[in-house]
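Participant: Per this note's numbering, the very first residue in the sequence shown carries number -15; after that it's consecutive. Beta carbons are placed, not taken as given, at the ideal position from N, Cα and C, and that holds for glycine. None of these values were measured; they are calculated from a predicted model.
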Amino acid sequence: MKQSLILVGTQWGDEGKGKIVDFYSKKFEAVCRFQGGHNAGHTIYKEDEKFVLHLIPSGIFYDHVSCFIGQGVILSIESLLEEIKQLEEKGIELEGKLRISRYCSLLLPLHAKIDQLREDNKNSIGTTRRGIGPAYEDKTARRSIKAFDLEDNDLLEHKLRSLVEYYNFQIQNIHDAEPFRYEDVYKELVDSYNQASKYFGDVTDTLESIYEEGGNILYEGAQGTLLDVDYGTYPYVTSSNTLATSVGIGSGFPRSIYSDVLGIAKAYTTRVGAGPFPTELFCEEGEKIAKLGHEFGATTGRPRRCGWLDLVALRYSAKLNNLTELCITKLDVLDSFEQIKVCTEYEVDNKKTSFKSRLLHKVKPVYKSFEGWNCSLEECKNYAELPDKAKEFLEFIEDFVGVKISLISNGPNREDLIHR
Ligand code: GDP
Ligand code: IMO
Ligand code: MG
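1. Please report the residue range of the beta strand (DSSP E) in which ALA249 lies.
2. Can you tell me where the alpha helix (DSSP H) with PHE7 in it begins and where it stops?
3. Should ALA282 be listed as close to the ligand MG, given that the test is whether its C-beta is under 6 Å from any heavy atom?
4. By Cβ distance below 7 Å, which residues in the same chain neighbour GLY285 in space, the five residues on each side in sequence not counted?
5. Per DSSP, what kind of secondary structure is LEU343 in: helix, strand or coil?
6. Cβ of ASP6 versus every heavy atom of the ligand MG: is any distance shorter than 6 Å?
7. Return the chain-ordered list of same chain residues with a C-beta closer than 8 Å to the C-beta of ASN394, the five sequence neighbours on each side being excluded.
8. Helix, strand or coil: how does DSSP classify GLN323 here?
9. Assuming TYR183 and ARG83 are in contact, meaning their beta carbons sit under 8 Å apart, how far apart are those beta carbons, in whole angstroms?
10. So what's LEU78 in DSSP terms, helix, strand or just coil?
11. Helix, strand or coil, according to DSSP, for THR254 in the structure here?
12. Between VAL49 and GLY56, how many whole angstroms is the CB-CB distance? I'm expecting something under 8 Å.
13. For the ligand GDP, is there a heavy atom less than 6 Å away from the beta-carbon of THR313?
14. Quick check: the Cα distance between SER181 and ALA258, rounded to an integer number of angstroms?
15. Which residue spans inside the stretch 297 to 323 form an unbroken beta strand (DSSP E) run of at least 3?
16. For ASP(-2), verify whether its CB is less than 6 Å away from any heavy atom of the ligand MG.
17. Under the rule that 16 or more other beta-carbon atoms within 10 Å means buried, what is ILE158, buried or exposed?
18. How is the beta strand (DSSP E) around HIS26 delimited, first residue to last?
19. Looking only at its own chain, which residues have a Cβ that is under 6 Å from the Cβ of GLY20, when we skip the five neighbours before and after it?
20. Under the three-state reduction of DSSP, which class applies to ASN334: helix, strand or coil?
21. Between the Cα of PHE280 and those of ASP189, GLU264, ARG255, spot the shortest distance and give me the residue it belongs to.
22. Straight-line CA distance for GLY277 to SER390?
23. Please go through the stretch 41 to 71 and give each complete beta strand (DSSP E) segment of 3 or more residues, from N-terminal end onward.
24. Tell me the rounded alpha-carbon separation between THR(-6) and ASP138.
25. Which word fits CYS359, buried or exposed, when buried means at least 16 other C-beta atoms lie within 10 angstroms of its C-beta?
26. Answer yes or no: the CB of SER360 versus the heavy atoms of the ligand GDP, is any distance below 6 Å?
27. For the stretch 8 to 15 against the stretch 375 to 385, do three or more pairs of beta-carbon atoms, one drawn from each stretch, fall closer than 8 Å, so that the two count as touching?
28. Can at least three beta-carbon pairs, one atom from the stretch 87 to 96 and one from the stretch 122 to 130, be found at a separation below 8 Å?
29. For ILE93, name the three-state secondary structure that DSSP assigns.
30. Can you give me the Cβ contacts of THR64 inside the same chain, cut-off strictly under 7 Å, excluding the 5 residues immediately before and after it?
31. Helix, strand or coil for LEU37? Go by DSSP, reduced to three states.
32. Terminal residues of the continuous alpha helix (DSSP H) containing ASP383?
33. Taking Cβ positions, are ASP244 and THR313 nearer each other than 7 Å?
34. VAL326: buried (16+ other C-beta within 10 angstroms of its C-beta) or exposed?
35. Could you tell me which whole alpha helix (DSSP H) segments of length 4 or greater appear in the stretch 104 to 166?
36. What did DSSP end up calling THR328 once you bin it into helix, strand or coil?
See below:
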């Protein structure tokens, strides 16, 4: 195994990344988030207690792990403070364990407001309404407030005034809503920064030192490959690059790209928000997956759309991320299905097509069916104990995608894992 590992979602998010990062963290000195923001919702069950992390890396539960938020992350200090408070109330200490890049672009409450106003309009794409799109737009347009701008009040005032003016122009001319008051935006930002300032520092140099000393680094992806702003189902995507290859930019540590890459896939598919979803089920089977998988968004609580596992999409993700290993989660959710399907081809107008098709919203999935194993996987502790029918299902996925399945998750708890 290489010294570092990048863990990415291979579908439309919520594949169970948080649980797997938590499990792997035992073996790592550092865990680093490198893209996205508090649109992420990573669920971890620790001794039956449920935690949902949005910005803080899922390695935080181990004393020996240092956690990092790289500059590719869009940072809401407000959300960060709320998360820190919730963790501290449950006895998880963060001081000395969490370091955030002072070069992060900040997500302000005004970004969330703009996201919500846009989503309330006709062209909604079903965002998390957290302000992720507007905050990444500002970064690319070179008008972001960076965390380090708070170190120089004159510079901050100058940049923040322009930003507030920019959004007030939109608010008044496009949305017909109440303008933002500069003084309120300034005060809220400075107050929250002052509470969080001890967490900011240089992430790149620290990652480099850990690496030089032989430490292992785990990079925690958020969202999923099919939500990548360039390679996902555009425009129904998030606003960051979610692929493993974005780790070098997002962490600022160039050697992060020389890592193994573990892709996480559910044994079926889910999606929150709008956009094409070739294997989506609109029948009882879909409802059964949603019910047994408790498929509700960890960030927004919205019901997740559900469907069969899409191997065309999974093979696309495997290639784009150069996956070295695959982890299949939520296999237990399929325990009581008589028949389990996987999509092996797309057709449109009787012609085969690929995931990159412009007509993805129209494709007809071609399925291969497997007999279900019809028993509980709860007690299975190793691969040999899995029913043959479950092994047949897993080995078909592995052969089709061309990536070894090294880990299988058969329940939400930390110990519900089968190594292979
Ligand atoms: P993430 O965003 O990729 O970290 O995933 P989420 O936390 O948003 O959603 C995954 C959900 O599935 C959470 O509620 C987890 O507790 C749950 N989960 C993860 N792995 C398993 C599994 O193997 N079986 C079952 N039944 N639930 C799981
Ligand atoms: P984790 O890390 C699932 C989806 C939203 C919407 C689209 C754009 O928990 O897997 P955004 O707020 O990012 O502008 O919304 O992306 N989305 C997610 N779906 N899991 C996530 O994160 C998501 N983060 C964003 O539902 O369709
Ligand atoms: Mg999630």
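Facilitator: Looking at the coordinates:
1. 244 to 250
2. 1 to 9
3. yes
4. none
5. coil
6. no
7. LEU315, ASP316, LEU361, GLU362, CYS364, ASP400, LEU401, ILE402
8. strand
9. 6 Å
10. coil
11. strand
12. Not a contact, Cβ separation roughly 20 Å.
13. yes
14. 37 Å
15. 309 to 313
16. yes
17. exposed
18. 26 to 30
19. ALA206, GLN207, SER224
20. coil
21. ARG255
22. 22 Å
23. 50 to 53
24. 44 Å
25. exposed
26. no
27. no
28. yes
29. At residue 93 the sequence reads Pro, which differs from the Ile that was named. DSSP places PRO93 in helix when its eight states are reduced to three.
30. First, the residue type needs correcting, since residue 64 is Leu and not Thr in the sequence shown. Counting only Cβ-Cβ distances below 7 Å, and skipping sequence neighbours, we find LEU39, ALA180.
31. strand
32. 372 to 385
33. no
34. buried
35. 116 to 124, 137 to 154
36. strand
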